[in-house]
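Peer 1: Please find one structure pasted underneath; my questions will follow.
There are 2 protein chains.
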Amino acid sequence: MSDGPPPLLAVADALDRVLRGLAPSQTEICELQDVRGRVLATDIAARLSLPPAAVSAMDGYAIRAADCQAPGASLTRIGESAAGRPWGGSVAAGEAVRIFTGAVLPDGTDTILLQEDASAIDETDGATITVNEVPRAGQFIRPAGLDVTTGDIILTAGTVMSARLIALAISAGHTEVSVWHRPHVGILSTGDELVPPGGTPGPGQIISSNAVYLSSFVAACGAVPVDLGIARDRPGEMLSCVRAAPVPLDLVVTTGGASVGVHDHIVDDLSASGTELGFWKIAMRPGKPLIHGRIDDTPLLGLPGNPVSSAVCANIFLRPAIARLSGGDHRPQMIAARLAIDLKANDRRQDYLRATLEYDPQGQAVVTPARKQDSSMISIYAGANALIVRPPHDEARQAGDMVMVMPLDPLL
Amino acid sequence: MSDGPPPLLAVADALDRVLRGLAPSQTEICELQDVRGRVLATDIAARLSLPPAAVSAMDGYAIRAADCQAPGASLTRIGESAAGRPWGGSVAAGEAVRIFTGAVLPDGTDTILLQEDASAIDETDGATITVNEVPRAGQFIRPAGLDVTTGDIILTAGTVMSARLIALAISAGHTEVSVWHRPHVGILSTGDELVPPGGTPGPGQIISSNAVYLSSFVAACGAVPVDLGIARDRPGEMLSCVRAAPVPLDLVVTTGGASVGVHDHIVDDLSASGTELGFWKIAMRPGKPLIHGRIDDTPLLGLPGNPVSSAVCANIFLRPAIARLSGGDHRPQMIAARLAIDLKANDRRQDYLRATLEYDPQGQAVVTPARKQDSSMISIYAGANALIVRPPHDEARQAGDMVMVMPLDPLL
Numbered sequence: 280m281s282d283g284p285p286p287l288l289a290v291a292d293a294l295d296r297v298l299r300g301l302a303p304s305q306t307e308i309c310e311l312q313d314v315r316g317r318v319l320a321t322d323i324a325a326r327l328s329l330p331p332a333a334v335s336a337m338d339g340y341a342i343r344a345a346d347c348q349a350p351g352a353s354l355t356r357i358g359e360s361a362a363g364r365p366w367g368g369s370v371a372a373g374e375a376v377r378i379f380t381g382a383v384l385p386d387g388t389d390t391i392l393l394q395e396d397a398s399a400i401d402e403t404d405g406a407t408i409t410v411n412e413v414p415r416a417g418q419f420i421r422p423a424g425l426d427v428t429t430g431d432i433i434l435t436a437g438t439v440m441s442a443r444l445i446a447l448a449i450s451a452g453h454t455e456v457s458v459w460h461r462p463h464v465g466i467l468s469t470g471d472e473l474v475p476p477g478g479t480p481g482p483g484q485i486i487s488s489n490a491v492y493l494s495s496f497v498a499a500c501g502a503v504p505v506d507l508g509i510a511r512d513r514p515g516e517m518l519s520c521v522r523a524a525p526v527p528l529d530l531v532v533t534t535g536g537a538s539v540g541v542h543d544h545i546v547d548d549l550s551a552s553g554t555e556l557g558f559w560k561i562a563m564r565p566g567k568p569l570i571h572g573r574i575d576d577t578p579l580l581g582l583p584g585n586p587v588s589s590a591v592c593a594n595i596f597l598r599p600a601i602a603r604l605s606g607g608d609h610r611p612q613m614i615a616a617r618l619a620i621d622l623k624a625n626d627r628r629q630d631y632l633r634a635t636l637e638y639d640p641q642g643q644a645v646v647t648p649a650r651k652q653d654s655s656m657i658s659i660y661a662g663a664n665a666l667i668v669r670p671p672h673d674e675a676r677q678a679g680d681m682v683m684v685m686p687l688d689p690l691l
Numbered sequence: 280m281s282d283g284p285p286p287l288l289a290v291a292d293a294l295d296r297v298l299r300g301l302a303p304s305q306t307e308i309c310e311l312q313d314v315r316g317r318v319l320a321t322d323i324a325a326r327l328s329l330p331p332a333a334v335s336a337m338d339g340y341a342i343r344a345a346d347c348q349a350p351g352a353s354l355t356r357i358g359e360s361a362a363g364r365p366w367g368g369s370v371a372a373g374e375a376v377r378i379f380t381g382a383v384l385p386d387g388t389d390t391i392l393l394q395e396d397a398s399a400i401d402e403t404d405g406a407t408i409t410v411n412e413v414p415r416a417g418q419f420i421r422p423a424g425l426d427v428t429t430g431d432i433i434l435t436a437g438t439v440m441s442a443r444l445i446a447l448a449i450s451a452g453h454t455e456v457s458v459w460h461r462p463h464v465g466i467l468s469t470g471d472e473l474v475p476p477g478g479t480p481g482p483g484q485i486i487s488s489n490a491v492y493l494s495s496f497v498a499a500c501g502a503v504p505v506d507l508g509i510a511r512d513r514p515g516e517m518l519s520c521v522r523a524a525p526v527p528l529d530l531v532v533t534t535g536g537a538s539v540g541v542h543d544h545i546v547d548d549l550s551a552s553g554t555e556l557g558f559w560k561i562a563m564r565p566g567k568p569l570i571h572g573r574i575d576d577t578p579l580l581g582l583p584g585n586p587v588s589s590a591v592c593a594n595i596f597l598r599p600a601i602a603r604l605s606g607g608d609h610r611p612q613m614i615a616a617r618l619a620i621d622l623k624a625n626d627r628r629q630d631y632l633r634a635t636l637e638y639d640p641q642g643q644a645v646v647t648p649a650r651k652q653d654s655s656m657i658s659i660y661a662g663a664n665a666l667i668v669r670p671p672h673d674e675a676r677q678a679g680d681m682v683m684v685m686p687l688d689p690l691l
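What follows is the structure, given as structure tokens:
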């Protein structure tokens, strides 16, 4: 006789164990235009300074401040400097060069006289320019290297590339960067009760949605999903599905097969294939059972068969696993939010409540748990935009209390 | 003589005008596995109920509550119902069916006796089951249609599809849906000062980063970018680049060509090509000049040539434009946030300050503007995760005041 239920594995411990065996495998050189969402494998140093030379920040005249000490001073226009068409000469006392925003500052000049602070008799060289407002010496000049200086580290290894970071790298002289390989993730459904999408479920059957969900999830996380089909509840079938993968896999994800029922063979298959084997009961809801092991040296993560449990576990375990395999950050982002309604005390499992996260007019995060939390209800999960994360044995909470929330990515 | 500067067009008015001429063009039927990020063209009704029949929510025994009124009651196991393998018979008084989570409730039963609340002599039919804890009548049963009922509208037209919404649609019996066509967006850089990525800038030249930025931006917004190259500052060149597009375009985006310098020919080209022409000075910073018109009946949006101005305008105008062409929502999301530092009074232009948005331990949005707001600094924009939006003539603000913020998408 035991004194209570057997100990459950804490979520954080399970995640640590899942991540421990994972590392990014190899790097590749990619054109910058193709790396949105990819993770940098190396630091990136600027090859160019931005701007490469001092430039004008405004439209006007490049002048010498010493020539413009009083209103009414006059200068002679001797040329023009435009973006892409610098003026190559040198400017002497009493001379001015017409200049436009972004154009290189001509030698000899030190200040921009705004066009609205001057009068020109016409837009030709030789024209007389009259100073109406005395400029501040050095005004409206962007010095060379203001933005970026050659050799500066502008991006560090591990950065997830966005469109704007791509623009920065290109501006600083790069066309390609070293990024981590996109991991290949095999996705295998298991269970006799599953009917492929589009099929007609017979009595007791359900349509298999997990594989398509996980495929879309995996792709949105930046990995390459590999469909391994549906393994029926027969010894060896799961093993043969994985071994039939058309490409080498960095990770295998299964759904189903971990219940206490007598129809599941994943555990036997795993034992037959290899080495470590974890068949974990995790202190979380939904999503208690999780399988962790290796098939022929490929890491395996076995998610629950219930669609909502599977989706929650994908956010908690699979997303960090893919991030680590991709060379990136691997901890789910959490923020605090104010509870909109009361919650009862929690039991010994970490609870992931399907919820709606909003920001009130004062910029305060406010979270409302869905009224029903039945883990069989896909519609509730599909409509949520966040999960409230309640630690084990969390005390009863009242509306207005703070709770921790994991926002769900809009596309996941 | 005028009494002041000429009136500027308000951002909201400019956006209204940009969106007015845009509509999604056509729909297509796509497999659900391919529609992440796409916009539904029609409402979706469930084809199946979920669950299709009443099922057990737990592992245990399907029983008749009338048989289990007192501890010690005994029942005879007559069969087993597992997920995917329902038990086809009918249960009479004194009988029980072994059942697992998700399995169909056998005819004649009305309650689930938890396995931990019963003792079984063994796991075979004919075994005697003893009731240790009296079950509540009807407990642990998920009724048919609990999640979704056939005919329910589960998704509405205009919804952007996520992995979890795809899972819902598949579970409810769908394999494909009608989505709006992905718009084709032509991207054209203009300017003699531009060197293609990887080139070596000569005096006064800069590397063209806007086209790659916009290409990545457009793709992340769900549209198909079409590279139209770089148009040099010669009459007719821009027009011929657009007319050389390899596919029909739903929108043309240009950068550069709208300054007051004398080297720009976009406006002439636009006039030569067609009908309406807007050459707008917008009350915003960065990003004052914006061109709006049509080239041969294709809508055109002309963004500034400055990379930061171009990027800000892409968020303010191009993203909503693509969303509207894609059949989706088209207003930038704004939230309130608490200012971390003081800000001086604003002038007549709506200001978009590059900023860092964070959430404090109390779930309060806090925003810190970058120290430098020079619109030539790509590195500042690249490092920001939000824009503070200050309306024209906004008064001076102090640390702790609320301001409106537009979060920048992590991948844009």
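Respectively, the protein sequence lines represent chains A and B.
To convert, count from 1 in the first sequence and add 279; that's my numbering.
To convert, count from 1 in the second sequence and add 279; that's my numbering.
We treat Cβ as the ideally placed atom computed from N, Cα and C, and that holds for glycine.
In this text, all values refer to a predicted model and were calculated from it rather than measured experimentally.
At what residues does the beta strand (DSSP E) containing residue 568/A begin and finish?
Peer 2: 568 to 574
Peer 1: Label residue 563/A either buried or exposed according to how many other C-beta atoms from any shown protein chain fall within 10 Å of its C-beta, with 16 as the threshold for buried.
Peer 2: That one is buried.
Peer 1: With a Cβ-Cβ cutoff of 7 Å, do residue 489/A and residue 589/A count as a contact?
Peer 2: Cβ atoms of residue 489/A and residue 589/A: closer than 7 Å.
Peer 1: Which residue's Cα is closest to the Cα of residue 291/B: 670/B, 635/B, 683/B and 674/B?
Peer 2: Taking only the C-alpha atoms, the option nearest residue 291/B is 670/B.
Peer 1: For the stretch 349 to 372 of chain A, enumerate the residues whose C-beta is nearer than 8 Å to any C-beta of chain B, in chain order.
Peer 2: 360, 361, 362, 363, 364, 365 and 367
Peer 1: Quick one: what's got a C-beta closer than 6 Å to residue 344/A's C-beta in the same chain, skipping five residues either side?
Peer 2: 389, 390 and 416
Peer 1: Alpha carbon to alpha carbon, how far is residue 498/B from residue 617/A? Give it in angstroms, no decimals.
Peer 2: 35 Å
Peer 1: Check the Cβ of residue 499/A against every Cβ in chain B and list those closer than 8 Å, keeping chain order.
Peer 2: 315 and 442
Peer 1: Going by alpha carbons, who is nearest to residue 719/B out of 472/A, 493/A, 622/A and 452/A?
Peer 2: Because chain B spans 280 through 691 in this model, residue 719/B falls outside it and cannot be assessed.
Peer 1: If you pair each beta-carbon of the stretch 308 to 324 of chain B with each one of the stretch 344 to 356 of chain B, do three or more pairs fall below 8 Å?
Peer 2: no
Peer 1: Could you tell me whether any Cβ in chain B is nearer than 7 Å to the Cβ of residue 683/A?
Peer 2: no
Peer 1: Return yes when at least one heavy atom of the ligand FAD lies under 6 Å from the C-beta of residue 446/B, else no.
Peer 2: The model depicted lacks the ligand FAD and carries no ligand whatsoever.
Peer 1: Taking only runs of the beta strand (DSSP E) that begin and end inside the stretch 557 to 618 of chain A, which ones reach a length of at least 3 residues, in chain order?
Peer 2: Fully enclosed beta strand (DSSP E) runs of 3 or longer: 568 to 574, 577 to 582 and 614 to 618.
Peer 1: Taking a cut of 7 Å between CB atoms, which residues from the stretch 614 to 625 of chain B lie near chain A?
Peer 2: 614, 615, 616 and 617
Peer 1: Using a Cβ cut-off of 7 Å (strictly closer), state whether residue 542/A contacts chain B.
Peer 2: At residue 542/A, the pLDDT of 44 sits below 50, so the modelled position is not reliable; the number obtained from the coordinates is stated separately. So yes, residue 542/A belongs to the interface.
Peer 1: With burial defined as no fewer than 16 other Cβ atoms inside 10 Å of the residue's Cβ, what is the status of residue 295/B: buried or exposed?
Peer 2: Looking at its Cβ environment, which holds fewer than 16 other Cβ atoms inside 10 Å, residue 295/B is exposed.
Peer 1: Beta-carbon within less than 6 Å of residue 673/A's beta-carbon, same chain only, minus the 5 sequence neighbours each way: which residues are those?
Peer 2: 625
Peer 1: What do you reckon, are the CB atoms on residue 692/A and residue 358/B nearer than 7 Å?
Peer 2: Within the shown structure, residues of chain A are numbered from 280 to 691, placing residue 692/A beyond reach of any answer.
Peer 1: Which residues, in chain order, does the stretch 629 to 652 of chain B contribute to contact with chain A at a C-beta distance below 7 Å?
Peer 2: If you check each beta-carbon in the stretch 629 to 652 of chain B against every beta-carbon of chain A, the ones closer than 7 Å belong to 638, 640, 641, 642, 643 and 644.
Peer 1: Does the beta-carbon distance from residue 520/A to residue 530/A come in below 7 Å?
Peer 2: no
Peer 1: Ignore the nearest five residues each way along the sequence and tell me which others in residue 427/B's own chain have a CB closer than 8 Å to its CB.
Peer 2: Listed in chain order, the non-local C-beta contacts of residue 427/B below 8 Å within the same chain comprise 325, 327, 328, 329, 433, 447, 450 and 451, local neighbours out to five positions each way being set aside.
Peer 1: Rounded C-beta distance between residue 646/A and residue 684/A? I'm assuming under 8 Å.
Peer 2: 5 Å
Peer 1: Would a C-beta distance cut-off of 7 Å place residue 354/A and residue 339/A closer than the cut-off?
Peer 2: no
Peer 1: Our contact map puts residue 464/A next to residue 311/B with C-beta atoms below 8 Å; I'd like the distance itself, whole angstroms only.
Peer 2: Not quite, the Cβ-Cβ distance comes to about 19 Å (not below 8 Å), so this is no contact.
Peer 1: Got a sec, what are the start and stop residues for the alpha helix (DSSP H) residue 290/B sits in?
Peer 2: 290 to 299
Peer 1: Grab me the residues of residue 505/A's own chain with a C-beta within less than 8 Å of its C-beta, minus the 5 sequence neighbours each way, in chain order.
Peer 2: 463, 464, 465, 466, 524, 525, 526 and 528
Peer 1: For the beta strand (DSSP E) containing residue 477/A, list its first residue and its last residue.
Peer 2: Note, residue 477/A: premise wrong, no beta strand (DSSP E); not H, not E.
Peer 1: Where do the N-terminal and C-terminal ends of the beta strand (DSSP E) with residue 509/B fall, by residue?
Peer 2: 503 to 510
Peer 1: Can you find a C-beta in chain A that's less than 7 Å from the C-beta of residue 666/B?
Peer 2: It does not; no Cβ of chain A falls within 7 Å.
Peer 1: Roughly how many whole angstroms lie between the Cα atoms of residue 628/A and residue 599/B?
Peer 2: 43 Å
Peer 1: Check the C-beta distance from residue 384/B over to residue 458/B and give it rounded, since I have them as a contact under 8 Å.
Peer 2: Not a contact, Cβ separation roughly 38 Å.
Peer 1: Measure the CB-CB distance between residue 476/B and residue 454/A and report whether it falls below 7 Å.
Peer 2: yes
Peer 1: Could you check whether the Cβ of residue 484/A sits closer than 7 Å to any Cβ belonging to chain B?
Peer 2: yes
Peer 1: Which one or two residues does DSSP pair with residue 638/A in a beta bridge?
Peer 2: Note: residue 638/A sits in a beta bridge opposite 644/A.
Peer 1: Using the three-state DSSP reduction, which class does residue 310/A fall into: helix, strand or coil?
Peer 2: strand
Peer 1: Taking the alpha carbon of residue 342/A as the point to measure from, which residue in 305/A, 323/A and 409/A has its own alpha carbon closest?
Peer 2: When only C-alpha atoms are compared, the closest one is 409/A.
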